[in-house]
Each structure stands twice: as C-alpha cells, then as structure tokens.
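S.K.:
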DNA sequence: GTCTATAAAGCGATAGAC
DNA sequence: GTCTATCGCTTTATAGAC
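Residue numbers (the numbering used here), protein chains in the order written: chain A, 24 to 209; chain B, 24 to 209.
(1) For residue 45/B, go through chain A and note every residue whose CB falls closer than 9 angstroms to its CB, in chain order.
(2) Quick one: what does DSSP say residue 199/B is sitting in, helix, strand or coil?
(3) Answer with buried or exposed for residue 72/A, where buried requires no fewer than 16 other C-beta atoms within 10 angstroms of its C-beta.
(4) In three-state terms, what does DSSP make of residue 101/B?
(5) Would you mind sorting residue 165/B into buried or exposed? The rule is 16 or more other CB atoms within 10 Å of its CB.
(6) Specify whether the stretch 45-56 of chain B and the stretch 39-55 of chain A touch according to this definition: at least 3 beta carbon pairs, one from each stretch, less than 8 angstroms apart.
(7) Is the distance from the Cβ of residue 61/A to the Cβ of residue 29/A below 8 angstroms?
(8) Out of 177/A, 147/A, 142/A, which has the shortest C-alpha to C-alpha gap to residue 94/A?
(9) What's the C-alpha gap between residue 179/B and residue 160/A?
(10) For residue 193/A and residue 173/B, I'd like the C-alpha separation in whole angstroms.
(11) Taking Cβ positions only, does residue 98/B come closer than 8 angstroms to chain A?
(12) Can you tell me which of the three DSSP states residue 70/B falls into?
(13) Report the three-state DSSP secondary structure of residue 190/B (helix, strand or coil).
(14) According to DSSP, is residue 119/A helix, strand or coil?
(15) Residue range of the alpha helix (DSSP H) that residue 93/B falls in?
(16) I want to verify the contact list: residues of chain A whose CB lies under 7 angstroms from the CB of residue 187/B, in sequence order.
(17) By the three-class DSSP mapping on this structure, what secondary structure does residue 184/B have?
(18) So that I know if they touch, is there some Cβ in chain A lying closer than 8 angstroms to that of residue 172/B?
(19) Does residue 182/A come within less than 8 angstroms of chain B when only Cβ atoms are used?
(20) Whole angstroms are fine: how far does the CA of residue 38/A sit from the CA of residue 88/A?
(21) Output needed in chain order: residues of the stretch 138-167 of chain A with a Cβ under 7 angstroms from some Cβ in chain B.
(22) Is there contact between the stretch 96-112 of chain A and the stretch 68-83 of chain A, where contact requires at least three CB pairs shorter than 8 angstroms?
(23) Residue 57/A lies in the alpha helix (DSSP H); which residues open and close that run?
(24) Return the chain-ordered list of same chain residues with a C-beta closer than 6 angstroms to the C-beta of residue 169/A, the five sequence neighbours on each side being excluded.
(25) Below 8 angstroms, how does it come out for the stretch 134-149 of chain B and the stretch 134-151 of chain A: are there three or more Cβ pairs, yes or no?
(26) Name the residue from 133/A, 42/A, 201/A whose alpha carbon lies nearest to the alpha carbon of residue 123/A.
(27) With 8 angstroms as the limit, tell me which residues of the stretch 192-207 of chain A have their beta carbon closer than that to any beta carbon of chain B; keep them in chain order.
(28) Quick one: Cα of residue 119/B to Cα of residue 150/B, how far?
(29) Taking C-beta to C-beta, are residue 158/A and residue 206/A nearer than 8 angstroms?
(30) Which two residues bound the contiguous alpha helix (DSSP H) that contains residue 42/B?
(31) Between residue 132/A and residue 184/B, which are expected to be in contact by the criterion C-beta below 8 angstroms, what is the C-beta distance as a whole number of angstroms?
(32) Tell me which residue opens and which closes the alpha helix (DSSP H) that residue 164/B is part of.
(33) Hey, residue 202/B and residue 115/B are a contact pair by Cβ (cut 8 angstroms); roughly how many whole angstroms apart?
(34) Anything in chain B within Cβ reach of residue 124/A, meaning under 7 angstroms, just list it in chain order.
Given below as structure tokens:
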C-alpha cells in the first residue's frame with residue numbers, strides 16, 4: 024500500500040468538514056486525526072499554531088470560495104439577474120442541498136463567535152453587501168435592496184438550521200426557491 | 024451572608040443560558056458551577072445523570088415554554104391573526120430582541136443534534152405545524168400555509184444567526200417585522 | 001443540600017526518532 | 001513528512017464528610 028504524502032492544501036477541506044460537524048470546541052484532536060487520517064505529528068507540522076491556526080485556515084478557505092464564486096459575480100457580472108440566479112445555484116450546490124451546514128453559521132451561534140468575531144462578521148457583511156449591490160442594479164432602491172439582501176442571507180442560514188433540525192433537505196431547497204423567486208420575480 | 028438553598032427548578036434557566044452560550048460540549052462543569060454558583064455536589068444531586076440530564080431538563084423547559092406561550096395560542100386562540108401577532112411579540116421578547124440565541128437552533132447546527140435529534144425535530148415541527156394551522160384559519164390553503172410557516176420559522180432562526188454574527192440586534196427585529204408583515208398584510 | 005478530595009479519561013500540545 | 005511517547009492540564013463523574 025502506497026504511502027500518501029499529504030499537503031496542507033488537501034487537509035483544509037477535511038478540517039472544514041470536521042469543524043462544521045463538531046464546532047471548534049467539539050473538534051478534538053482525536054476527531055481531527057481520524058477525519059484527516061493524519062497523525063498529530065503531521066497535523067502540527069502543517070499547523071504549528073494548533074487548532075486556532077487550523078480554524079483560521081479553514082475560514083480563509085471558505086472566505087475565498089465565497090468571494091470568488093458568489094460575492095464577486097454578484098458585484099461584477101454585467102447581468103445582475105444572472106448573478107443572483109447563479110448565487111442561488113452555487114449556494115445550493117455548496118451546501119449540498121441542505122445536507123451540509125454553514126461553518127460560519129455554526130461559529131456565529133456558538134462560543135466560537137468571540138474568538139473569530141471579525142471573520143464571522145466580515146463574511147456575512149460581505150455577502151449582504153454584494154447581494155444588495157446586485158439588487159440595486161436590478162433597479163431597487165439602495166435601502167430596500169439592503170433590507171432584502173439581509174432577509175435573504177438570513178433566510179438561507181435559517182433554511183440550513185431547519186433542514187438539519189428536521190433532517191429534510193427539501194426544506195432547504197424549497198426555501199431557497201422561495202427566496203430566489205422573491206428576488207427575481209418582481 | 025445567608026446560605027442560599029437552591030431548588031432544581033431555579034437551576035434550569037441558568038443551565039439554559041450556559042448551554043445557549045457554549046453549546047453542549049462547550050458547557051464544561053467548570054462553567055456550569057460558575058454560572059449556577061453551585062458546587063459539583065449540588066449539581067449532581069439535582070441531575071444524577073450529569074450533563075445529559077441537565078440538557079434534557081433544559082430542553083423540556085424550553086419546549087414547555089413555547090408550547091404554552093406560542094404553539095397553543097396559535098392553535099387555540101379564537102382570533103388567528105391575534106395569535107400570530109402575539110407569536111411575533113413573544114418570540115421577540117423571548118430572544119431578547121436578538122441578543123439571546125435559540126438553544127434548539129444551537130443544538131440543531133452542532134453535533135448535539137445527533138444526541139437530541141428527537142427533541143430538536145419535535146420542537147421545530149410543532150412550531151411549524153402550529154403556525155400553519157393558524158395561517159389556515161386566516162384563509163390560506165393548507166399547502167401554502169405549511170410552506171409559509173416553514174419559511175417564517177426558518178427566517179426567525181436565520182435572523183438570530185445574523186443578529187449574533189453581525190452583533191446587531193436591529194437585524195433581528197427588522198427581519199421579524201418583515202416576516203410578520205408578510206403573514207398579516209395580505 | 002452542599003462541600004472537598006479524588007479517580008479515570010480525554011484534552012491540546014511538544015519532543016525526538018525515523 | 002510521519003510516527004510514537006509523553007507532559008501537564010482539564011474533563012466528567014464519584015465518594016464521603018458535614
């Protein structure tokens with residue numbers, strides 16, 4: 024059996040799933056070594072700062088993904104409606120239609136929020152701002168656009184909570200559809 | 024200084040705030056003794072089953088509160104519109120206008136969900152059912168009422184996530200107002 | 001009902017061999 | 001880059017005195 028040499032890059036998504044599942048405090052090193060199939064030695068070789076550095080790396084990874092796939096298209100795409108449409112598609116895929124939970128949402132609700140307050144706030148603020156900007160370009164008043172964007176980003180988070188609580192992914196996809204229609208069917 | 028003899032009943036709300044703040048895994052016995060001002064001996068005298076029994080007691084307490092203050096009025100009040108109106112008022116107060124987070128929501132997102140899956144599912148299902156029943160009595164089709172109720176209960180959870188993430192209680196109250204108006208201004 | 005002492009296990013993190 | 005052994009601390013839970 025070939026020995027697999029891991030790279031830091033490859034470990035980050037695995038860590039993401041672990042933090043998503045157990046939260047920061049619940050993500051024990053035992054669970055981390057199990058989930059990554061790496062020994063403590065390797066983990067600390069990649070992340071000398073320990074769990075804190077692991078979580079930072081995961082948060083940066085998530086931030087970058089959303090910036091590239093969601094926020095920037097919302098702001099820069101010539102066709103604002105298409106950008107909003109794409110947001111719902113990408114978000115639906117990212118959260119695996121409700122089977123996967125939002126790491127930043129988990130951190131926001133838990134006591135992790137204090138530790139990563141800036142990252143948590145920055146993520147949601149950037150999302151709301153980007154969506155509001157797109158809504159303005161579809162012809163809405165800035166104030167109404169901001170309120171609507173807040174409602175929708177919150178609605179997505181709530182849909183993730185409900186889908187997981189009820190163990191029904193359809194709840195997530197149905198709410199997502201409803202939110203999208205409210206934005207695009209004017 | 025007078026010695027205060029505690030009763031189990033008095034401890035449960037304190038435990039609720041601790042679980043709300045730290046989650047199940049994060050609520051260490053050190054934090055619990057600090058938050059309740061009780062020694063381990065007293066805690067285990069009231070809850071021989073340990074943390075699991077404490078969490079069960081808190082969940083039952085929350086369940087009962089919502090059943091009495093929210094679910095039953097939604098179902099039984101003669102004036103359905105007044106019942107829905109009261110739900111938003113009570114919920115706004117209960118969550119301290121967004122400063123307090125939903126324990127069941129915290130448990131739903133974290134790994135606590137597996138442990139308390141039935142309680143978590145039951146809480147949200149009861150809420151959605153009660154709200155849907157009230158909406159039917161305002162003249163909506165059952166199917167549309169169920170969809171709308173799901174959207175609103177999810178929206179409230181999302182509003183709590185956002186308010187905490189952005190550290191802005193106005194986000195919670197604004198979203199709550201928007202949801203209420205969508206239900207009542209037909 | 002409350003307290004302190006204590007046990008046994010798990011925790012994050014480090015050291016050093018390979 | 002990976003591993004094992006180990007440190008020191010915290011964890012949940014129990015026992016027994018008061």
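Note that CB positions come from ideal geometry on N, CA and C, so glycine has one too.
M.R.: Taking the definition as stated:
(1) Per Cβ cutoff of 9 angstroms: 48, 133, 134.
(2) DSSP, read as helix, strand or coil, puts residue 199/B in helix.
(3) Residue 72/A should be labelled exposed.
(4) If DSSP states are grouped into helix, strand and coil, residue 101/B belongs with coil.
(5) With a threshold of 16 other beta carbon atoms within 10 Å, residue 165/B falls short and is exposed.
(6) With a cut-off of 8 angstroms, the stretch 39-55 of chain A and the stretch 45-56 of chain B count as touching, because enough Cβ pairs lie within range.
(7) Contact: yes.
(8) Closest by alpha carbon: 147/A.
(9) If you draw a straight line from the Cα of residue 179/B to the Cα of residue 160/A, it is about 28 angstroms long.
(10) Those two C-alpha atoms are separated by around 11 angstroms.
(11) Taking CB atoms only, residue 98/B has no neighbour in chain A less than 8 angstroms away.
(12) The DSSP-derived three-state label of residue 70/B is coil.
(13) Looking at residue 190/B - three-state DSSP - the assignment turns out to be coil, as it is neither helix nor strand.
(14) In the structure shown, residue 119/A adopts helical secondary structure according to DSSP, grouped into three states.
(15) Counting along the chain, no alpha helix (DSSP H) covers residue 93/B, and no H or E run does either.
(16) What residue 187/B touches in chain A: 131, 132, 136.
(17) In this structure, DSSP gives residue 184/B a helical state, which the three-state scheme calls helix.
(18) No, no contact with chain A.
(19) Interface residue, yes.
(20) Approximately 15 angstroms between the Cα atoms of the pair.
(21) Flagged, chain order: 143, 144, 147, 148.
(22) Output reads no: the stretch 68-83 of chain A does not touch the stretch 96-112 of chain A.
(23) That run of the alpha helix (DSSP H) goes 52-59.
(24) Within the same chain, residue 169/A has close Cβ partners 155.
(25) Contact fails: fewer than three Cβ-Cβ distances are below 8 angstroms.
(26) Each of 133/A, 42/A, 201/A was checked against the Cα of residue 123/A, and the nearest Cα belongs to 42/A.
(27) Across the stretch 192-207 of chain A, CB contacts with chain B closer than 8 angstroms involve 194, 197, 198, 201, in sequence order along the chain.
(28) Using only the alpha carbons, I get a separation of about 19 angstroms.
(29) Taking 8 angstroms as the Cβ cut-off, residue 158/A and residue 206/A qualify as a contacting pair.
(30) Element bounds for residue 42/B: 31-49.
(31) About 6 angstroms; that satisfies the 8 angstroms criterion.
(32) Here residue 164/B belongs to no alpha helix (DSSP H), and DSSP marks it neither H nor E.
(33) Not confirmed; about 11 angstroms, so no contact.
(34) Within 7 angstroms Cβ-Cβ: 132.
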